[in-house]
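**Student:** The numbering of the sequence shown is the numbering used here, which starts it at 36 and goes up by one. In this text, a Cβ means the ideal position worked out from N, Cα and C, and glycines have one as well. Structure incoming, see below.
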Amino acid sequence: MLLIFSLSLWKTGNLFNRVPARDVLSIDVNKLYEYIFQTASLDMTYPVGDGPEGMLPALEDLCMKAAQAADNAYTLLILSDRKAGKERIPISSLVAIGAVHHHLIRQKLRMRVGLIVETGEAR
């Protein structure tokens, strides 16, 4: 499930003006984002071997990667737990998006990027 937390389109205008009309209905949403925006996909999982103590360093690393992406002119950040499985533990999507959002605000970078969460956790 995809949750769009905040996406500022004021710089972009009408999304579909950039996609040929015949392709609008058949285009993959992720491909649409990549076609229109500079997107960065950020992993919000960490190794099982790190145990519960590994969550905070993983969250700090996620925040730093988000800030680096914003500094590198990415306009859309996709926080994903797609790699979750036997070897990787997902960080709660609410915790991850909140931490990234507030970190970007503190770094004065939040208005440069839109945030999307791709998670299997949402209900």
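(1) With a threshold of 16 other CB atoms inside 10 Å of the CB of I149, please say whether the residue is buried or exposed.
(2) CB M90 to CB I132, shorter than 8 Å?
(3) Among all the DSSP beta bridges, which residues are the ones paired with Y81?
(4) Considering only their Cβ atoms, is the gap separating T80 from D171 smaller than 8 Å?
(5) Would you mind stating whether S128 and E156 have Cβ atoms separated by less than 8 Å?
(6) Between which residues of its own chain and A104 is the CB-CB distance below 8 Å, once the five residues before and five after are set aside?
**Tutor:** In short:
(1) The amino acid occupying residue 149 in the given sequence is Gly; Ile does not appear at that position. By the 10 Å Cβ count, G149 comes out buried.
(2) Cβ atoms of M90 and I132: not closer than 8 Å.
(3) Its beta-bridge partners are I124.
(4) Outside the shown range of the chain (36 to 158) lies residue 171, about which nothing can therefore be said.
(5) For the pair S128 and E156, the CB atoms are nearer than the 8 Å cut-off.
(6) Closer than 8 Å at Cβ, skipping near neighbours: A75, L77, L112 and V148.
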